[in-house]
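Participant:
Residue numbers (full-length UniProt numbering): 1 to 475.
1. Rounded to the nearest angstrom, what separates residue 115 and residue 90 at their Cα positions?
2. For the alpha helix (DSSP H) containing residue 190, list its first residue and its last residue.
3. Do you know whose CA, among 18, 406 and 102, lies nearest residue 381's CA?
4. Could you tell me whether the region 327 to 345 touches the region 374 to 392, using the rule of 3 or more Cβ pairs below 8 Å?
5. Measure the C-alpha to C-alpha separation of residue 58 and residue 94 and round it to an integer number of angstroms.
6. What number of angstroms, rounded off, separates the C-alpha of residue 351 from the C-alpha of residue 446?
7. Would you mind giving the Cβ-Cβ distance between residue 108 and residue 118, rounded to the nearest angstrom? I have them listed as a contact below 8 Å.
8. How is residue 94 classed by DSSP in three states: helix, strand or coil?
9. By the 10 Å Cβ neighbour count, where 16 or more other Cβ atoms means buried, how is residue 373 classified, buried or exposed?
10. Helix, strand or coil for residue 415? Go by DSSP, reduced to three states.
11. Look up residue 309 in the DSSP assignment and say whether it is helix, strand or coil.
12. Tell me, please, whether the region 125 to 134 touches the region 157 to 171 by the rule of three or more beta-carbon pairs shorter than 8 Å.
13. Run through DSSP, which three-state label would residue 228 get?
14. Rounded to the nearest angstrom, what separates residue 466 and residue 379 at their Cα positions?
15. Please report how far the alpha carbon of residue 460 lies from the alpha carbon of residue 404, in whole angstroms.
16. Please say whether residue 180 and residue 29 have beta carbons closer to each other than 7 Å?
17. By DSSP's criteria, residue 467 is part of a beta bridge. Which residues make up the other side?
18. What distance in whole Å lies between the Cβ atoms of residue 329 and residue 367, which are believed to be in contact at a cut-off of 8 Å?
19. Using a threshold of 7 Å, state whether the C-beta atoms of residue 155 and residue 137 are closer than that.
20. Work out the CA separation of residue 201 and residue 437 for me, nearest whole Å.
21. DSSP on residue 458, reduced to helix/strand/coil?
22. Does the distance from the C-beta atom of residue 357 to that of residue 472 stay below 7 Å?
23. Does the Cβ-Cβ distance between residue 178 and residue 22 come in under 7 Å?
24. Reducing DSSP to helix, strand and coil, say where residue 64 ends up.
25. What is the rounded straight-line gap between the Cα of residue 106 and the Cα of residue 134?
26. On the three-state DSSP scale, how would you describe residue 443?
27. Go through its chain and collect everything with a Cβ distance to residue 205's Cβ below 7 Å, but skip five positions before and after it.
28. My output table needs one value for residue 150: the three-state DSSP class, helix, strand or coil.
29. What residues in its chain sit with their C-beta under 8 Å from that of residue 220, if we drop five residues either side in the sequence?
30. Between residue 32 and residue 173, what straight-line distance do the alpha-carbon atoms span, to the nearest angstrom?
31. DSSP on residue 71, reduced to helix/strand/coil?
32. Going by alpha carbons, who is nearest to residue 14 out of 61, 194 and 34?
33. Which first and last residues belong to the beta strand (DSSP E) in which residue 351 is found?
34. Check each candidate in 34, 340 and 60 and name the one with the smallest Cα separation from residue 169.
35. Give me the residue from 218, 53 and 27 with the minimum Cα distance to residue 247.
36. Closest by CA to residue 216, which one among 340, 182, 249 and 282?
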């Protein structure tokens with residue numbers, strides 16, 4: 001069978017809130033009603049007991065009552081005050097009750113009072129006809145010689161019906177029950193209204209999420225007013241959709257830019273391959289020099305395609321590094337390795353290096369690729385027999401070339417994906433190198449900047465990474 005808790009969880013959220021509110025109010029109303037009923041009961045009982053203690057029964061009345069009980073021809077006096085029943089109790093347990101009243105059952109406490117063992121007694125007893133009475137019994141000493149009564153001590157019981165308390169309490173119980181029922185129903189209705197009102201922003205958020213899932217429209221925004229949890233949730237949703245929209249736009253732009261960059265080498269490669277195939281189909285041989293030039297062009301285009309695909313794979317990685325991929329690495333060793341590769345690519349260039357030790361936390365392969373890309377740019381843009389100066393001091397790696405430099409209006413765009421300076425469009429490259437470098441350096445907590453050289457032509461690339469000149473203990 002399904003448990004009540006599971007059935008409760010199956011209800012809609014607003015129904016659960018309304019039910020919980022109604023339950024809480026019902027418990028509170030029940031506690032207040034019960035406390036009210038018990039306090040009223042105690043007060044009424046105290047008032048009844050006080051009135052019984054304060055009632056005054058004269059000696060004359062007691063004597064008349066005793067004479068009437070012992071002499072049938074005498075009239076029994078009426079109840080005291082019209083509502084109090086008076087009963088005489090002897091040590092033997094015999095009784096004499098006022099006119100029109102049923103005798104009240106005698107208890108051991110009443111006999112003890114009649115015998116002088118106790119001064120008084122207050123209790124509840126029943127009459128012969130089953131009517132409940134509140135009884136106060138006290139000692140009465142005879143002060144006169146009554147016919148048939150031996151001078152001594154006996155008890156006088158004064159009683160009032162318990163219905164004087166039970167009837168108002170019963171009425172109060174019904175009133176509290178009705179009022180509590182109305183309060184619980186009202187609380188349930190109010191809880192449902194509050195749940196609907198309070199959850200309206202959640203309904204709007206749900207509709208927005210369903211709309212996004214159905215239409216993939218990331219321009220949906222939810223109004224967020226205030227500083228409560230719902231407003232924070234709405235702002236978080238708006239921020240999430242904005243981030244998703246931006247990510248999708250960047251992805252679409254990346255695909256469009258990649259398609260544009262791939263089109264040029266693929267078109268050139270296709271043209272060269274078609275020339276070679278046409279030569280084989282027609283039997284017209286291409287001159288050896290032209291054929292060698294074609295094959296060299298095909299190889300260059302294949303290399304460019306491979307480099308572009310590698311750059312795209314690098315960009316497809318998440319912007320954030322994986323789970324704890326950073327390691328303590330020697331930046332001066334990575335720079336020294338990158339310098340060896342740069343010297344192989346530009347043997348006619350003079351590369352001067354001044355590297356001091358500096359240890360950083362980074363992803364070794366990605367950091368080496370970033371430094372290699374910076375040096376490759378310096379080699380690519382340096383004139384023949386030019387000089388490249390590389391220095392590493394206090395965590396700042398600078399690479400200065402003697403190339404044409406970068407115009408000031410183009411500096412803000414150098415780290416954008418696929419952006420290439422108009423003067424560099426004829427040179428090999430995809431326009432992704434500096435974008436990859438910037439992302440790698442930022443993931444390591446550093447920054448990269450490009451600025452014009454101060455003394456002569458060229459550009460200075462500066463990479464700053466936090467670290468220390470000595471390795472941490474245990475490395």
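Glycine included, each C-beta is placed from N, C-alpha and C at the ideal position.
Facilitator: Based on what the coordinates show:
1. 8 Å
2. 163 to 198
3. 406
4. yes
5. 21 Å
6. 25 Å
7. That pair is no contact at about 10 Å.
8. coil
9. buried
10. coil
11. helix
12. yes
13. coil
14. 27 Å
15. 12 Å
16. yes
17. 360
18. 7 Å
19. yes
20. 44 Å
21. coil
22. no
23. no
24. helix
25. 12 Å
26. helix
27. 222, 233, 234 and 237
28. Only weak support is given to the placement of residue 150: the predicted model assigns it a pLDDT of 47, under 50, and the question is left unresolved by the model.
29. 208, 211, 212 and 241
30. 12 Å
31. coil
32. 194
33. 350 to 355
34. 34
35. 218
36. 249
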